[in-house]
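Input: a single structure, listed below in structure tokens.
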Amino acid sequence: MLFVSGFTFAQQEDPVLMTINDVPVSRSEFEYSYNKNNAEGVIDKKSVDEYVDLFVNYKLKVQAALDEHLDTLSSFKKEFLSYRDQQIRPSFVSDADLEKEAADYYDKMVAQIGPKGLFTASHILVKVSQKASSQAQDSAKIKIDSIYTALKAGADFSEMARKYSDDLGSARNGGLLPTLATGQTVKEFEDVAYSLKNGEMSEPFLSKFGYHIILMKERSQVPPLDSLKTNIIKYLESRGIREKIVDSKLAEQVKESNGTLTAEEILDRKAEEMANSDSDLKNLIKEYHDGLLLFEISNREVWDKASKDEAGLEQYFKQNKKKYKWESPRYKGMAYHVKTKEDVKAVRDCVKGVAFDKWADKLRKQFNNDSIIRIRVEKGIFKQGDNALIDKMVFKKDTTITPLKDYPIDAVFGKKLSAPKTYDDVRGLVVADYQDALEKEWIAKLRKKYNVVINKEVLSTVNKH
Numbered sequence: 012m013l014f015v016s017g018f019t020f021a022q023q024e025d026p027v028l029m030t031i032n033d034v035p036v037s038r039s040e041f042e043y044s045y046n047k048n049n050a051e052g053v054i055d056k057k058s059v060d061e062y063v064d065l066f067v068n069y070k071l072k073v074q075a076a077l078d079e080h081l082d083t084l085s086s087f088k089k090e091f092l093s094y095r096d097q098q099i100r101p102s103f104v105s106d107a108d109l110e111k112e113a114a115d116y117y118d119k120m121v122a123q124i125g126p127k128g129l130f131t132a133s134h135i136l137v138k139v140s141q142k143a144s145s146q147a148q149d150s151a152k153i154k155i156d157s158i159y160t161a162l163k164a165g166a167d168f169s170e171m172a173r174k175y176s177d178d179l180g181s182a183r184n185g186g187l188l189p190t191l192a193t194g195q196t197v198k199e200f201e202d203v204a205y206s207l208k209n210g211e212m213s214e215p216f217l218s219k220f221g222y223h224i225i226l227m228k229e230r231s232q233v234p235p236l237d238s239l240k241t242n243i244i245k246y247l248e249s250r251g252i253r254e255k256i257v258d259s260k261l262a263e264q265v266k267e268s269n270g271t272l273t274a275e276e277i278l279d280r281k282a283e284e285m286a287n288s289d290s291d292l293k294n295l296i297k298e299y300h301d302g303l304l305l306f307e308i309s310n311r312e313v314w315d316k317a318s319k320d321e322a323g324l325e326q327y328f329k330q331n332k333k334k335y336k337w338e339s340p341r342y343k344g345m346a347y348h349v350k351t352k353e354d355v356k357a358v359r360d361c362v363k364g365v366a367f368d369k370w371a372d373k374l375r376k377q378f379n380n381d382s383i384i385r386i387r388v389e390k391g392i393f394k395q396g397d398n399a400l401i402d403k404m405v406f407k408k409d410t411t412i413t414p415l416k417d418y419p420i421d422a423v424f425g426k427k428l429s430a431p432k433t434y435d436d437v438r439g440l441v442v443a444d445y446q447d448a449l450e451k452e453w454i455a456k457l458r459k460k461y462n463v464v465i466n467k468e469v470l471s472t473v474n475k476h
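First residue of the sequence shown: 12, per our numbering; consecutive thereafter.
If you want it as structure tokens, here you go:
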């Protein structure tokens, strides 16, 4: 790594802190990353000098990804633009836009409700079908008339609704209905309701649902827009109004350009404009862009590569066996529970000679392949304390076994190991270590391949300017 200090950056607002393969990296980009990864609550905080190496490794990997043109992959473009647009699209929507949408919605609502306004009422319903027999209709009429007589004599409307109304939904609330407007209920009900004054009760009348009695609670007009605006905006936002506004504005700008611009090009211009005026946003978008590249290149060069390289894993394990010694023996096998004695042997016979990682599939197909579950199995590499049955039967510990309901017979099958025999016995550890080894080799190659120049003078001003 080469350090230089012979350049003057005093007149630059955001000087170049380093170059990676001749690509400049600004001080603000480094500071953004450093501050984010060394904020309050971070356990392993780094000094600026300590963080430089980590940051350089990160930028080297990103440069490698760019050299492999991973930024041209359609999957990359789709994910990156989706994230970038999440940051950019909201800027197309102003408070004035939302207020206009709310006003338009209010005007439509007022027009729909009409001059009659709103009403809140309670009702009692005695159901009767229009196709009911004359006897059933007479019975319903007698019932509603008797309820009406009781109400006229002073009976409480809410109590009568709870006891006798066939509209069970409103009956639970004493017959109270939600606030209604023109066109929201059947015409017979609406005509009677709008004929009533506040506090007035109707006589029994017939609709297609049956006989009703209405008690008018309140007649009112739509409240003014100012009192409803906040709730209307919340409702419209829940219905995706912001995205509709953005789409509309983009379509309008495309039209104004006479087709010389696409919606995507307009978003590109907006992103550049916003990034130039907001360094935090610029660095946030760049961080996501580079982070996607880092993930893809790291997966190819390290993570996925290591986990699938069986020969490499085996070789790494053989060369580093001492790292994977156990402090105490392990039991590689299974504890299982069956309904019959015959199945104790049947389970063992099923997996004899079968690779350990294939046991579960083999047992499932032979014993639990239909609606009847014949066995219960816990499979793995167990140390003392992991499984009570194995503790008792393998490690010979005085352990209490709680019988498994419907599976009264317990058994174990496997081998006791003093140390791992293959890398599969400690696969998770070997994969992680092998990944670390591959990454170190990869970084060493990248540092040889790419020229890194760090300006110590600018580095000394990080978070001090």
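Cβ atoms here follow ideal geometry from the backbone N, Cα and C, with glycine treated the same way.
| Item | Value |
| --- | --- |
| Beta-carbon within less than 8 Å of Glu307's beta-carbon, same chain only, minus the 5 sequence neighbours each way: which residues are those? | Ala76, Leu81, Leu84, Phe87 |
| Please give me, in chain order, every unbroken run of the beta strand (DSSP E) with length at least 3 that falls completely inside the region 338-409. | 341-349, 386-393 |
| Reducing DSSP to helix, strand and coil, say where Asn331 ends up. | coil |
| Quick check on the burial criterion: 16 or more other C-beta atoms within 10 angstroms. Buried or exposed for Pro26? | buried |
| Figure out for me which residue from Leu324, Thr196, Ala113, Leu470 has the closest Cα to the Cα of Asp447. | Leu324 |
| Counting Cβ pairs closer than 8 Å, one from the region 282-294 and one from the region 32-45, do we hit at least three? | yes |
| Using CA atoms only, rank isn't needed, just tell me which of Tyr347, Lys426, Leu278 is closest to Ile479. | No statement about residue 479 is possible, as the shown extent of the chain runs from 12 to 476 and does not include it. |
| Take the Cβ of Gly210 as the centre, count every other Cβ of all protein chains shown within 10 Å, and call the residue buried at 16 or more, exposed below. | exposed |
| Compute the Euclidean distance between the alpha carbons of Ile153 and Ile124, then round it to the nearest angstrom. | 35 Å |
| Considering Val441, what are the terminal residues of the alpha helix (DSSP H) in which it resides? | 438-460 |
| Does any heavy atom of the ligand ZN sit closer than 8 Å to the C-beta of Val203? | No copy of the ligand ZN occurs in the structure displayed, which carries no ligand at all. |
| Based on the DSSP output, what are the partners of Asp421 in its beta bridges? | His348 |
| Identify every residue that forms a DSSP beta bridge with Val463. | Ile31 |
| For the alpha helix (DSSP H) that contains Glu40, what are its first and last residues? | 38-48 |
| Arg173 by DSSP, collapsed to three states: which one? | helix |
| Between Arg230, Ala399, Pro414, which lies nearest to Lys407 when the distance is taken from Cα to Cα? | Ala399 |
| What are the boundary residues of the alpha helix (DSSP H) that includes His300? | 290-309 |
| Can you list, in chain order, the residues of its chain whose CB lies under 6 Å from that of Glu199, leaving out five sequence neighbours each side? | Ser218 |
| Among Phe424, Ala346, Gly391, which has the Cα closest to the Cα of Asp435? | Gly391 |
| Express the C-alpha separation of Lys394 and Ala430 in angstroms, rounding to a whole number. | 11 Å |
| Among Ala274, Val405, Lys475, Glu214, which residue has its Cα nearest to the Cα of Leu136? | Glu214 |
| If you draw a straight line from the alpha carbon of Asp354 to that of Asp402, how long is it in whole angstroms? | 22 Å |
| Going by beta carbon distance, what residues of the same chain come within less than 7 Å of Lys260, once the five residues before and after it are set aside? | Phe103 |
| With 16 as the cutoff for other CB atoms within 10 Å, does Glu452 come out buried or exposed? | exposed |
| Can the beta-carbon of Glu298 be found less than 9 Å from the beta-carbon of Ser93? | no |
| Suppose you measure from the CA of Val36 to the CA of Val464; what does that come to, to the nearest Å? | 10 Å |
| How about Phe91 and His348: do their beta carbons lie closer than 9 Å? | no |
| What's the gap between the Cα of Ser181 and the Cα of His134? | 8 Å |
| Between the region 118-132 and the region 231-241, can you find at least three pairs of beta-carbon atoms closer than 8 Å? | yes |
| Going along the chain, which residues of its own chain have a beta-carbon closer than 6 Å to the beta-carbon of Val441, five neighbours each way excluded? | Leu324, Phe328, Tyr434 |
| Going by DSSP, which residues form a beta bridge with Gly221? | Lys138, Ser218 |
| Answer with buried or exposed for Lys72, where buried requires no fewer than 16 other C-beta atoms within 10 angstroms of its C-beta. | buried |
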